[in-house]
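Colleague:
Here it is as C-alpha cells:
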C-alpha cells in the first residue's frame with residue numbers, strides 16, 4: 042500500500058501553530074498523530090450541525106504531509122454486535138468527516154474495530170477504500186493486516202504499521218490466513234515486518250494499541266516491549282488506548298510516545314479533555330535529524346482545539362512529569 046502526496050502551503054488566518062508559517066516548511070516532511078477518534082453515540086447530535094464540526098477549530102490539521110488517527114469504532118450499518126460491555130459503531134457516511142479534516146491514514150488495530158464482528162470490519166475496510174483513505178492494523182487476512190502503508194513525500198519514503206494487543210491479547214480477534222481481523226502485537230511479527238522494510242524506507246513508525254485505561258504511566262512490560270521494537274529498527278512508536286496522556290521517551294535513536302489520549306471524543310472531565318497532537322518534523326536533506334513536538338489540545342464534545350496560555354503550559358508540565366520515569370525524553 043503506497044501513496045504519493047504533495048503538500049502545498051496554504052494560509053489560514055487566526056491562531057496557528059508556528060510550524061505552519063515557517064519558511065522552512067517545504068524543506069521538511071511534517072507528520073501529525075492524534076489520539077482516539079470515536080464517531081459514534083452523541084457524536085451524531087453535534088455533527089448534524091455541519092459535517093465540518095469536528096475540525097472547525099483546527100483547520101491547520103489538513104496541512105500536514107501525513108496525518109494519522111486511531112479509529113475507535115467500525116464504519117458499519119450492521120446491528121450484530123459482539124457480546125461485550127461496550128460496543129461502538131459509526132455510520133459509514135461519517136467517513137466524510139475524516140476526509141474533510143485531512144486525515145490520510147487510519148489505524149484499525151484496536152479493541153473496538155471488531156465490535157460488530159467480521160461484517161463490521163469488512164464494511165469498514167470497504168468504506169475506507171471507497172473514500173481513498175489508507176489504513177493499517179487490520180485486514181481481510183493476516184497479510185493485509187500486517188501490510189504497512191508507505192507514503193513517498195518530497196523524496197522520502199515513510200512506512201507505518203499498526204498492531205493491537207492488551208493483556209493476554211483479549212478481544213484481539215487476530216487476522217489469520219483466511220479470516221479478517223487485527224494485526225497482533227507480537228514481537229515475532231513486528232521484527233519480521235521491520236526487517237522487510239528497513240532497507241526500503243527512510244522512516245518507520247509503529248503504532249500500538251496497548252496499556253491500561255486512565256493510567257498516566259505505562260507498565261514496565263510496555264517499556265521493555267517498546268525498547269525491543271526500537272532495537273529492531275523502528276524510529277517512532279505511538280501508543281493509544283489509555284484515553285489519557287502518558288510520557289514521551291527518547292530511547293537510543295528512537296522516540297516512544299506511550300499514549301496520545303483522545304482526539305475526537307465525547308470527554309466528560311478535564312482528564313479526558315486535555316490531550317495532545319504529536320508533530321514530527323523530518324528534514325528532507327537530513328532525515329536522521331528528525332524531531333518531535335507535543336501540541337497541547339483540549340477536546341470537548343467531539344471537537345478538538347489548540348490550547349494556549351495557562352492550560353497549554355499545564356498540559357506540557359504534566360507531560361514532563363509523566364516522562365520523569367525515563368532516562369531520556371525529547372521534551373524540552
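Residue numbers (this note's numbering): 42 to 373.
The beta-carbon is built from N, C-alpha and C at its ideal position, and this holds for glycine as well.
#1: Assign residue 202 to buried or exposed, taking buried as 16 or more other Cβ atoms, counted over all protein chains shown, within 10 Å of its Cβ.
#2: Looking at the unbroken alpha helix (DSSP H) that takes in residue 353, where does it start and where does it end?
#3: Taking only three categories from DSSP, how would you classify residue 77?
#4: Specify the secondary structure class of residue 154 as computed by DSSP and reduced to three states.
#5: Residue 137 lies in the alpha helix (DSSP H); which residues open and close that run?
#6: Between the C-alpha atoms of residue 121 and residue 85, what's the straight-line distance to the nearest angstrom?
#7: Could I get the ranges of all uninterrupted beta strand (DSSP E) runs contained in the segment 95 to 138, with 3 residues as the minimum, in chain order?
#8: In its own chain, which residues sit with a C-beta less than 7 Å from the C-beta of residue 69, not counting the 5 before and 5 after it?
#9: Can you tell me whether DSSP reads residue 62 as helix, strand or coil?
#10: Leaving out the 5 sequence neighbours to the left and right, which residues in its chain are closer than 6 Å to residue 195 when beta-carbon positions are compared?
#11: Which residue from 113, 140, 302, 138 puts its Cα closest to that of residue 127?
#12: In angstroms with no decimal places, state the Cα-to-Cα distance between residue 295 and residue 90.
#13: Here's the rule: buried if 16 or more other CB atoms are within 10 angstroms of the residue's CB, otherwise exposed. What is residue 82?
#14: Tell me, please, which residues DSSP counts as bridged to residue 180.
#15: Helix, strand or coil for residue 431 per DSSP?
#16: Give, in chain order, every unbroken run of the alpha helix (DSSP H) that is at least 4 residues long and sits entirely within the segment 308 to 342.
#17: With respect to 7 Å, is the separation between the Cβ of residue 124 and the closest non-hydrogen atom of the ligand ATP below this value?
#18: If you measure between the beta carbons of residue 78 and residue 110, is that distance less than 8 Å?
#19: Per the DSSP calculation, residue 303 is bridged to which residue(s)?
#20: Within the same chain, show all residues whose beta-carbon is closer than 8 Å to that of residue 271, passing over the 5 residues directly before and after it, in chain order.
#21: Let me confirm a value: residue 335 is counted as buried when at least 16 other C-beta atoms fall within 10 Å, else exposed. Which label applies?
#22: So residue 85 is in the alpha helix (DSSP H); what residue range does that whole segment cover?
#23: Taking the continuous beta strand (DSSP E) assigned at residue 344, which residues delimit it?
Modeller: Looking at the coordinates:
#1: Translated into the one-based positions of the chain shown, residue 202 becomes position 161. Flag for residue 202 reads buried.
#2: As a position in the chain shown, residue 353 is number 312, starting the count at 1. First-last of the alpha helix (DSSP H) with residue 353: 350 to 363.
#3: If you number the chain shown from 1, residue 77 lands on position 36. Looking at residue 77 - three-state DSSP - the assignment turns out to be strand.
#4: Translated into the one-based positions of the chain shown, residue 154 becomes position 113. Of the three classes helix, strand and coil, the one that applies to residue 154 here is coil, per DSSP.
#5: Here the question's residue 137 lines up with position 96 in the chain shown. Residues 136 to 142.
#6: The residue given as residue 121 occupies position 80 in the chain shown. The residue given as residue 85 occupies position 44 in the chain shown. In a straight line, the C-alpha of residue 121 is about 20 Å away from that of residue 85.
#7: 107 to 112
#8: Position 28 of the chain shown holds residue 69. Cβ within range, chain order: 322, 323, 324, 325.
#9: Counting from one through the chain shown, the residue named residue 62 turns up at place 21. For residue 62, the predicted model reports a pLDDT of 48, less than 50, meaning its position is unreliable and no value from the coordinates is stated.
#10: Here residue 195 refers to the residue found at position 154 when the chain shown is read from its first residue. Closer than 6 Å at Cβ, skipping near neighbours: 70, 325.
#11: By one-based count along the chain shown, residue 127 stands at place 86. Nearest of 113, 140, 302, 138 to residue 127, Cα basis: 113.
#12: In the chain shown, counting from the first residue as 1, residue 295 sits at position 254. In the chain shown, counting from the first residue as 1, residue 90 sits at position 49. Taking the straight line joining both Cα atoms gives about 42 Å.
#13: What you label residue 82 is simply residue 41 of the chain shown in a count that begins at 1. The residue in question, residue 82, is exposed, as its Cβ has fewer than 16 Cβ neighbours within 10 Å.
#14: Position 139 of the chain shown, counting from 1, holds the residue named residue 180. Note: residue 180 sits in a beta bridge opposite 222.
#15: In the structure as shown, the chain starts at 42 and stops at 373, and residue 431 therefore has no counterpart that could be examined.
#16: 311 to 314
#17: Because no ligand of any kind appears in the structure shown, any question about the ligand ATP cannot be addressed here.
#18: As a working note, residue 78 is residue 37 in the chain shown. As a working note, residue 110 is residue 69 in the chain shown. A contact, by the Cβ cut-off of 8 Å.
#19: In the chain shown, residue 303 corresponds to position 262, counting from 1. Answer is 77, bridged to residue 303.
#20: By one-based count along the chain shown, residue 271 stands at place 230. Excluding sequence neighbours, residue 271 sits near 278, 292, 293, 294, 295, 297.
#21: Within the chain shown, numbered from 1, the residue matching residue 335 stands at position 294. Buried: at least 16 other Cβ atoms inside 10 Å.
#22: Within the chain shown, residue 85 is the residue found at index 44, counting from 1. It spans 84 to 88 - the alpha helix (DSSP H) in which residue 85 sits, taken as one unbroken run.
#23: Walking along the chain shown from the start, residue 344 turns up at place 303. Residues 344 to 347.
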